[in-house]
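Participant: Position 25 of the sequence shown, counting from 1, maps to 220 under the working numbering, and the rest follow consecutively.
Backbone N, C-alpha and C define an ideal beta-carbon position, used for all residues, glycine too.
Below you will find the structure I want to go over with you.
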Amino acid sequence: MGWFGRLLGQRQDEALPLYNAVVARGRAPHWYREGAVPDTVDGRFDMIAAVLTMVLLRLETDPAAAETNARLTERFVDDMDGQLRQLGIGDIIVGKHIGKMMSMLGGRLGAYRSAIAAGDLSPALVRNLYRGAAPAPDALAHVDAGLTSFRTALATTPLDRLIAGELP
Numbered sequence: 196m197g198w199f200g201r202l203l204g205q206r207q208d209e210a211l212p213l214y215n216a217v218v219a220r221g222r223a224p225h226w227y228r229e230g231a232v233p234d235t236v237d238g239r240f241d242m243i244a245a246v247l248t249m250v251l252l253r254l255e256t257d258p259a260a261a262e263t264n265a266r267l268t269e270r271f272v273d274d275m276d277g278q279l280r281q282l283g284i285g286d287i288i289v290g291k292h293i294g295k296m297m298s299m300l301g302g303r304l305g306a307y308r309s310a311i312a313a314g315d316l317s318p319a320l321v322r323n324l325y326r327g328a329a330p331a332p333d334a335l336a337h338v339d340a341g342l343t344s345f346r347t348a349l350a351t352t353p354l355d356r357l358i359a360g361e362l363p
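Right, dumping it as structure tokens:
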């Protein structure tokens with residue numbers, strides 16, 4: 196994209212491959228089967244938000260990823276806006292819902308960050324992914340192990356591969 200495109204506010208959506216990979220990872224059937232994440236609109240939002248949170252936490256650790264972090268969050272907002280409109284939510288209410296979703300994402304970032312620091316993701320998963328209704332222990336263990344190994348693999352994945360949508 197040239198300077199003229201930037202001047203007119205056009206920009207290449209560099210975060211799209213990464214965002215698409217996050218959504219694909221969050222929609223993987225094993226989360227819903229073995230992990231007992233509810234396969235509902237809310238459950239899918241919560242699972243995608245959990246995967247997105249792991250990616251955002253990884254990007255936070257790299258000063259060179261600040262722009263990618265911002266663009267990835269913008270892409271999430273744009274997608275949620277489109278999803279709400281497809282569900283038939285009107286213009287007047289969409290902004291309120293987007294604000295609530297952003298608050299939920301921010302809360303998850305804090306909750307998962309604290310849980311990772313404490314070395315136990317399970318309580319944060321029960322509260323945020325399962326919305327307080329703990330699943331069977333093996334289902335919780337499946338999601339905990341999956342997100343933990345994903346987070347560990349993200350830590351060593353180069354930024355250029357992440358931006359290209361190549362999740363570990």
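Run through DSSP, which three-state label would D208 get?
Facilitator: Locating residue 208 in the sequence shown gives position 13, where the first residue counts as 1. Coil at D208, not helix or strand.
Participant: Closest to R303 by C-alpha separation, out of M249, T347, A334, would be which residue?
Facilitator: Numbered from its first residue, the sequence shown carries residue 303 at position 108. The shortest Cα separation from R303 among M249, T347, A334 belongs to M249.
Participant: Which same chain residues, not among the five before or five after V321, have their C-beta less than 6 Å away from its C-beta?
Facilitator: Your numbering for residue 321 matches position 126 in the sequence shown. Here the set comprises A329.
Participant: What distance in whole Å lies between the Cβ atoms of L213 and I311, which are believed to be in contact at a cut-off of 8 Å?
Facilitator: Locating residue 311 in the sequence shown gives position 116, counting from the first residue. Locating residue 213 in the sequence shown gives position 18, counting from the first residue. Going by Cβ atoms, the distance from I311 to L213 rounds to 20 Å, so no, they are not a contact pair.
Participant: Confirm, please, whether the CB-CB distance from R220 to L362 is below 8 Å.
Facilitator: Along the sequence shown, one-based indexing puts residue 362 at 167. Along the sequence shown, one-based indexing puts residue 220 at 25. Yes, they are a contact pair.
Participant: Is it a yes or a no for the region 336-347 touching the region 221-233, going by three-plus beta-carbon pairs under 8 Å?
Facilitator: Touching, per the Cβ criterion.
Participant: Between which two residues does the alpha helix (DSSP H) harbouring D333 extend?
Facilitator: In the sequence shown, the residue the question calls residue 333 occupies position 138. 332-350 is the extent of the alpha helix (DSSP H) around D333.
Participant: Could you tell me whether the Cβ atoms of L324 and A245 are closer together than 8 Å?
Facilitator: Indexing the sequence shown from 1 puts residue 324 at position 129. Indexing the sequence shown from 1 puts residue 245 at position 50. Yes, the Cβ-Cβ distance between L324 and A245 is below 8 Å.
Participant: Assuming L254 and T263 are in contact, meaning their beta carbons sit under 8 Å apart, how far apart are those beta carbons, in whole angstroms?
Facilitator: Looking up residue 254 in the sequence shown gives position 59. Looking up residue 263 in the sequence shown gives position 68. Contact holds; Cβ gap of about 6 Å.
Participant: L267 and A306: beta carbons closer than 8 Å?
Facilitator: Here residue 267 corresponds to residue number 72 of the sequence shown, with the count starting at 1. Here residue 306 corresponds to residue number 111 of the sequence shown, with the count starting at 1. Not a contact, by the Cβ cut-off of 8 Å.
Participant: How many Å lie between G314 and P224 at the Cα?
Facilitator: Mapped onto the sequence shown, residue 314 falls at position 119. Mapped onto the sequence shown, residue 224 falls at position 29. Near 26 Å, if we compare the C-alpha coordinates of P224 and G314.
Participant: Within 10 Å of its beta-carbon, does Q207 have 16 or more other beta-carbons around it, so buried, or fewer, so exposed?
Facilitator: Looking up residue 207 in the sequence shown gives position 12. Confidence in Q207 is poor, its pLDDT being 49 and thus under 50, which makes the residue's placement unreliable; the coordinate value appears in the next sentence. Its Cβ having fewer than 16 others within 10 Å, Q207 is exposed.
Participant: Let me make sure I understand the geometry here. Which of P353, A331, L354, A319 has the alpha-carbon closest to that of L342?
Facilitator: To locate residue 342, count along the sequence shown from 1; it is residue 147. For L342, the nearest C-alpha among the options comes from A319.
Participant: Closest to D237 by CA distance: which of R326, R356, R308 is it?
Facilitator: If you number the sequence shown from 1, residue 237 lands on position 42. Minimum Cα distance to D237 is reached at R326.
Participant: Can you tell me the Cα-Cα spacing of P233 and A260, whole angstroms?
Facilitator: Working through the sequence shown from its first residue, we reach residue 233 at position 38. Working through the sequence shown from its first residue, we reach residue 260 at position 65. In a straight line, the C-alpha of P233 is about 32 Å away from that of A260.
Participant: Who are the Cβ neighbours of T352 in its own chain at under 6 Å, not counting the five residues just before and after it?
Facilitator: The residue labelled residue 352 in the question sits at position 157 within the sequence shown. These residues qualify, in order along the chain: P363.
Participant: For V217, which residues in the same chain have their Cβ closer than 6 Å to its Cβ, ignoring the five residues on either side in sequence?
Facilitator: Translated into the one-based positions of the sequence shown, residue 217 becomes position 22. Around V217: V246, L247, V250.
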